[in-house]
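To keep things clear, I will list the structure first and then write my remarks on it.
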Amino acid sequence: MYVIVVGAGKIGFYLTRELLAASHEVALIERDAYVSATAAEEFGSILITSDGTEPTVLGDAGAERCDILISTTGQDATNLTACQVAKYSFNVSKTMAVVTDPDHVPLFRALGVDVTISTTELILSHVEEELTGGPFVHVLPLRGASSGIVSMRVPSGSPVVGQPVSRIKLPQGTLLTAVIHKNGELKPAVHDPELAVDDAIVAITPPEKEDELWQALTGEARR
Amino acid sequence: MTRHVMIVGCGRLGATAANALLDRGDRVTILDMDAENFRRLRPRVRLSMYVGDGTSHEVLRRTGIDSVSAFIAATGRDTTNALAAQSARTTFGIEHVVCRINDPTRSEMYERLGLTTVNPNQLLIELVLDAMEQ
Chain A
32 MYVIVVGAGK IGFYLTRELL AASHEVALIE RDAYVSATAA EEFGSILITS DGTEPTVLGD
92 AGAERCDILI STTGQDATNL TACQVAKYSF NVSKTMAVVT DPDHVPLFRA LGVDVTISTT
152 ELILSHVEEE LTGGPFVHVL PLRGASSGIV SMRVPSGSPV VGQPVSRIKL PQGTLLTAVI
212 HKNGELKPAV HDPELAVDDA IVAITPPEKE DELWQALTGE ARR
Chain B
75 MTRHVMIVGC GRLGATAANA LLDRGDRVTI LDMDAENFRR LRPRVRLSMY VGDGTSHEVL
135 RRTGIDSVSA FIAATGRDTT NALAAQSART TFGIEHVVCR INDPTRSEMY ERLGLTTVNP
195 NQLLIELVLD AMEQ
């Protein structure tokens, strides 16, 4: 695949390195000459020192034949513009943006950004996981953010321990898809595996049903 | 009828627009990241000035975007203006939104997306060309 990465800061730099290691073709665009000089030592000629929100720059970088544009700068406004120019001036089929302000996530989706990566929400979900002692992880928001894939570990003392998954009273609109046993063995939910402490369930759920799902699996209200 | 207009960016364009609207009797709320820029404005009854980021939905909400009928994104940065203007239009449903875009290749795209853009450079070029014709 041909990927254009905008921004050679921390995220853009390591992302580019991983993409190259996976044998993708990459162009990395960085506006700041100082940041760019550091990245150039590692990446050489695939680095373009210019403004990745300008149509002429993206055109010169070959945006027409690009499969994915990923904008990784610390500025939401820059990331939105790079994605919109890619999508609406060059018909790039997939655009991804790092979003710093979580309030911008629904707006970016509405404005043509296919995938938003909210660093704040990602870190927050891990903080929640650590703080609640429990075990709720947001694996992936699904398109339109109307549902997401979540994973949750069955805590000791849970009312579902020893029960087959079909006995769990799931919230409406929530689909339990699989169980990962403590030893790593993956069981599809249709096989109706029995749950033990520290097994993980994988479910697709709308965000507003997460509290109910939590309650079903822990027997306690979510704090 | 008096309108309530929110302006993001108190540079020359934003400040001049604010003064003109106030002269016409409109209410103006103006935001800028730098309080120093408010020196361009005289304090007036129908004018509210706030230091803040006009691309932050929380800031826009707190400074009263829910009660404005028009919005002008007038900072010197195209990307900031595009985010602020599209927030006003899509997130807050403001009917009249004007967005300053300096790069003509980008303003064409935003126009296609339904955003009203003004390009000071383009206007200036046209004036210069007109003057040369005379």
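Each protein sequence line maps, in turn, to chains A and B. So for the first sequence, the working numbering puts the first residue at 32; every next one is plus one. So for the second sequence, the working numbering puts the first residue at 75; every next one is plus one. Think of the CB as a built atom: it goes at the ideal place given N, C-alpha and C, for glycine as much as any other residue.
DSSP three-state call for residue i: helix, strand or coil?
i        : result
Glu61/A  : strand
Lys125/A : strand
Leu201/A : coil
Ala162/B : helix
Arg184/A : strand
Met206/B : helix
His212/A : coil
Gly179/A : strand
Val221/A : helix
Arg151/B : coil
Met183/B : helix
Asp106/B : strand
Arg135/B : helix
Ala252/A : coil
Pull up the CB-CB distance for residue i and residue j, whole angstroms please, since I reckon it's below 8 Å.
i        : j        : result
Ala39/A  : Ser67/A  : 6 Å
Leu111/A : Val144/A : 7 Å
Lys200/A : Ala247/A : 6 Å
Ala117/A : Leu142/A : Between Leu142/A and Ala117/A the Cβ distance is about 12 Å, and since that is not below 8 Å, they are no contact.
Ala94/A  : Val123/A : 6 Å
Contact criterion: CB-CB distance below 7 Å. Does residue i meet it with respect to chain B?
i        : result
Ser81/A  : no
Leu142/A : yes
Tyr33/A  : no
Ala128/A : no
Thr84/A  : yes
Leu100/A : no
Leu155/A : no
Thr112/A : yes
Asp91/A  : no
Asp145/A : no
Asp257/A : Lying outside 32 to 254, the shown extent of chain A, residue 257/A is not represented and no answer is given.
Would you say residue i lies against chain A (beta-carbon separation less than 7 Å)?
i        : result
His131/B : yes
Ser161/B : yes
Measuring alpha carbon to alpha carbon, tell me which of the options ends up nearest residue i.
i        : options                                : result
Thr149/B : Ile104/B, Leu197/B, Leu95/B            : Ile104/B
Val171/B : Asp204/B, Asp97/B, Thr190/B, Thr153/B  : Thr190/B
Ile79/A  : Arg62/A, Leu155/A, Thr104/A            : Arg62/A
Leu121/B : Thr153/B, Gly88/B, Thr129/B, Asn176/B  : Gly88/B
Leu153/A : Phe167/A, Gln203/A, Arg140/A           : Phe167/A
Asp127/B : Asp107/A, Met32/A, Gly83/A, Gly75/A    : Asp107/A
Thr164/B : Thr129/B, Leu115/B, Asn193/B           : Thr129/B
Glu243/A : Thr205/A, Val221/A, Glu216/A           : Thr205/A
Asp98/A  : Cys114/A, Gly105/A, Ser182/A           : Cys114/A
Glu239/A : Leu226/A, Pro202/A, Thr69/A, Leu207/A  : Pro202/A
Val228/A : Ile235/A, Ala53/A, Pro186/A            : Pro186/A
Ser120/A : Ala156/B, Pro178/B, Arg174/B, Met183/B : Met183/B
Val142/B : Leu198/B, Asp100/B, Arg151/B           : Asp100/B
Ile257/A : Ser182/A, Ser197/A, Val191/A, Ala70/A  : As displayed, chain A neither begins before 32 nor continues past 254, which places residue 257/A out of reach and without an answer.
Quick one: residues in its chain with C-beta nearer than 8 Å to the C-beta of residue i, no 5 flanking neighbours on either side, listed in chain order?
i        : result
Ala162/B : Met80, Leu134, Ile139, Phe145, Ala147, Ile168, Val171
Glu73/A  : Phe44, Arg48
Return no unless some Cβ of chain C is closer than 7 Å to the Cβ of residue i.
i        : result
Thr109/A : Looking for chain C here will not work: the only protein chains present are A and B.
Near residue i, which residues of its chain fall below 7 Å by C-beta distance, leaving aside the five closest residues on each side in sequence?
i        : result
Pro133/A : Ser149, Thr151, Glu152
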